[in-house]
Amino acid sequence: MKYTVKDITLIGVVAALTVVVGYVFYIAGSFFPVPGLKFVVFAPFLGFMMFIPVRKVQKIGVMSAVNLVFGALMAPVSIVMSIAIVSAGVSAELIAFIIFRNYGTLRKMVLAVGLYPVTAVLCASAAAYYFTGNAIYRLTGGWVFVLILSAVIYLLGVAGAWMSNKVVYQRIGEKSNS
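Residue 120 in full-length UniProt numbering sits at position 120 of the sequence shown; the count goes up by one each step and never skips.
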């Protein structure tokens, strides 16, 4: 992937903002002891943040690039978390490439970005369980629970991406036309 200086800057800024604002969502999600709720709280936020560089850059690989930077920023906190973050970005990008092939339309971008929060849940749960054996992150309720949780998270991720388009990009367009 060839990125311009503006693209690289945007990728870094979005990754940094995801760390900072994500901390607030992490704390908010910690107040609810329901399994998987923390990920549900994160889903619209992750969709919102990830849509910004995907819409601007419109190249397959941008989600992976954002998560590579995001993972590097989180590595001092937890290497396991860092591995999960990078894995989630690469997984979401791979699935998006298989399904959509490119980010050529707004619909493809929104639907592709919705995949990221789902892969984040699955990769974080797998990393926490397999690397640390931490039972807190194990999803309870079997595959039915995982499928329902993934569907809800996907819809919330799509909603977050859609809101990002409405809030960020349409407002920029309105300001430009004024």
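Backbone N, C-alpha and C fix where the C-beta goes; we use that ideal spot for every residue, glycine too.
None of the values given here were measured: they were computed from a predicted structure.
Review point. Is residue 160 helix, strand or coil when you go by DSSP?
Key: Counting from one through the sequence shown, the residue named residue 160 turns up at place 160. When secondary structure is reduced to three states using DSSP, residue 160 falls in the helix class.
Practice item. Give the secondary structure of residue 57 by DSSP, where H, G and I count as helix, E and B as strand, and everything else as coil. Key: Taking the first residue of the sequence shown as 1, we reach residue 57 at position 57. Secondary structure of residue 57 (DSSP, three-state): helix.
Review point. Hey, would you say residue 82 sits closer than 8 Å to residue 89, going by beta carbons?
Key: Locating residue 82 in the sequence shown gives position 82, where the first residue counts as 1. Locating residue 89 in the sequence shown gives position 89, where the first residue counts as 1. Result no, Cβ atoms of residue 82 and residue 89 do not sit closer than 8 Å.
Check your understanding: What three-state label does DSSP hand residue 33 in the structure shown?
Key -> Position 33 of the sequence shown, counted from the first residue, corresponds to residue 33. Note: residue 33 maps to coil in three-state DSSP.
Practice item. Could you check if residue 27 is buried or exposed, using at least 16 other CB atoms within 10 Å of its CB as the buried criterion? Key: Counted from its first residue, the sequence shown places residue 27 at position 27. By the 10 Å Cβ count, residue 27 comes out exposed.
Point to revise | Length of the line joining the Cα atoms of residue 99 and residue 105 | key: Here residue 99 refers to the residue found at position 99 of the sequence shown. Here residue 105 refers to the residue found at position 105 of the sequence shown. Within the model, the alpha-carbon separation for residue 99 versus residue 105 is close to 13 Å.
Check your understanding: Would residue 48 pass as a contact of residue 164 if the rule is Cβ separation under 8 Å?
Key -> Your numbering for residue 48 matches position 48 in the sequence shown. Your numbering for residue 164 matches position 164 in the sequence shown. Contact: yes.
**Study point:** Own chain residues within Cβ distance below 6 Å of residue 167, not counting five before or after
**Key:** Walking along the sequence shown from the start, residue 167 turns up at place 167. There are no such residues.
Check your understanding: Short check: CB of residue 84 to CB of residue 115, under 8 Å?
Key -> The residue labelled residue 84 in the question sits at position 84 within the sequence shown. The residue labelled residue 115 in the question sits at position 115 within the sequence shown. Residue 115 sits away from residue 84, with the two beta carbons spaced by 8 Å or more.
Check your understanding: Is there contact between the stretch 73-81 and the stretch 32-46, where contact requires at least three CB pairs shorter than 8 Å?
Key -> Fewer than three Cβ pairs drawn from the stretch 73-81 and the stretch 32-46 lie within less than 8 Å of each other, which leaves the two stretches out of contact.
Check your understanding: Under the three-state reduction of DSSP, which class applies to residue 136: helix, strand or coil?
Key -> Position 136 of the sequence shown, counting from 1, holds the residue named residue 136. Since pLDDT at residue 136 reaches only 49, below the 50 mark, its modelled position is unreliable, and no value is offered.
Review point. What do you get for residue 62, buried or exposed, if any count of 16 or more other CB atoms within 10 angstroms of its CB means buried?
Key: Position 62 of the sequence shown, counted from the first residue, corresponds to residue 62. Buried, since its Cβ has 16 or more Cβ neighbours within 10 Å.
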